[in-house]
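Sequence positions in the sequence shown follow my numbering and run 203 to 280.
Written below as structure tokens is the structure these notes are about.
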Amino acid sequence: NNDLGETYSGGVEYAFRSFALRGGYRSGYNDVGDGAGFSAGAGYQFHLNSRSKMILDYAYHHYGILDSINRFTLQFTF
């Protein structure tokens, strides 16, 4: 059972070589701090050698009166 009614979410990503920019929007939420609104992010891939890389991602999301979240992610692939 879902009491939210209709909600809408969408996002875009633009990638060029090892760099990516991201943006998104969520609407239709009514609760305080529910995550509705704009979000943005960026990422970069560092190629360590021919088979492994390090990926650094950043994301920002504003939660109204509950302030905002800044999220950093570091990944290694090998």
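From the three backbone atoms N, C-alpha and C, an ideal C-beta is built for every residue, glycine too.
Keep in mind that this is a model prediction, so the values were computed, not measured.
Does L276 pass the burial test, meaning 16 or more other C-beta atoms within 10 Å, or should it be called exposed?
Taking the first residue of the sequence shown as position 1, residue 276 is located at position 74. L276 comes out exposed.
Separation of S220 from K255, as counted between CA atoms:
Looking up residue 255 in the sequence shown gives position 53. Looking up residue 220 in the sequence shown gives position 18. Roughly 11 Å separates the two Cα atoms.
Of all the options S211, A242, E215, R273, which has the alpha carbon lying nearest to the alpha carbon of N229?
On the sequence shown, residue 229 is found 27 positions in, with the first residue counted as 1. Reading the sequence as shown, one finds Ser at residue 229 and not Asn. Residue S211 is the option with its Cα nearest to S229.
Do S241 and Y227 have their CB atoms nearer than 9 Å?
For the purposes of this step, residue 241 is identified with residue 39 of the sequence shown, where counting begins at 1. For the purposes of this step, residue 227 is identified with residue 25 of the sequence shown, where counting begins at 1. For S241 and Y227, yes; Cβs fall inside 9 Å.
With H, G and I counted as helix, E and B as strand and the rest as coil, what does DSSP make of G230?
As a first step, residue 230 is located in the sequence shown; it is residue number 28 there, counting from the start. Three-state result, G230: coil.
Please work out which residues of its chain come closer than 6 Å, Cβ to Cβ, to Y262, disregarding the five sequence neighbours upstream and downstream, and give them in chain order.
One-based indexing of the sequence shown puts residue 262 at position 60. For Y262, where only same-chain residues beyond five positions count, the Cβ hits under 6 Å are A242, N272.
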